[in-house]
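In my numbering, the protein residues as written are 186 to 278.
Structure follows, in structure tokens:
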């Protein structure tokens with residue numbers, strides 16, 4: 186039995202993808218937080234230290250970024266699927 190995906194819910198799909206990337210990057214946030222407290226203080230030639238907070242805020246940045254990217258993808262997919270047809274897959278019972 187062939188089934189065709191004709192429309193993707195952009196908000197629900199984007200929310201699921203964003204939360205998935207948030208969870209997947211959470212360990213990097215914990216590593217960055219630990220390094221900011223316990224790691225050595227690196228100094229560069231212009232006096233700035235290593236940006237540990239980038240790792241701490243990475244899960245939030247990735248979550249927001251992938252939410253908007255997925256919304257755009259779903260919008261584009263829905264336009265293409267409306268005109269040319271959607272992704273087709275086969276199922277068995």
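All residues carry an ideal CB built from backbone N, CA and C; glycine is no exception.
Determine the extent of the beta strand (DSSP E) in which residue i is found, giving its start and end residues.
{"i": "residue 188", "result": "187-189"}
Label residue i either buried or exposed according to how many other C-beta atoms from any shown protein chain fall within 10 Å of its C-beta, with 16 as the threshold for buried.
{"i": "residue 274", "result": "exposed"}
{"i": "residue 244", "result": "buried"}
{"i": "residue 197", "result": "exposed"}
{"i": "residue 270", "result": "exposed"}
{"i": "residue 199", "result": "buried"}
{"i": "residue 203", "result": "buried"}
Can you tell me which residues form a DSSP beta bridge with residue i?
{"i": "residue 273", "result": "189"}
Could you tell me the distance, in whole angstroms, from the CA atom of residue i to the CA atom of residue j?
{"i": "residue 248", "j": "residue 261", "result": "20 Å"}
{"i": "residue 189", "j": "residue 267", "result": "11 Å"}
{"i": "residue 252", "j": "residue 205", "result": "10 Å"}
{"i": "residue 264", "j": "residue 257", "result": "11 Å"}
{"i": "residue 246", "j": "residue 215", "result": "14 Å"}
{"i": "residue 240", "j": "residue 217", "result": "5 Å"}
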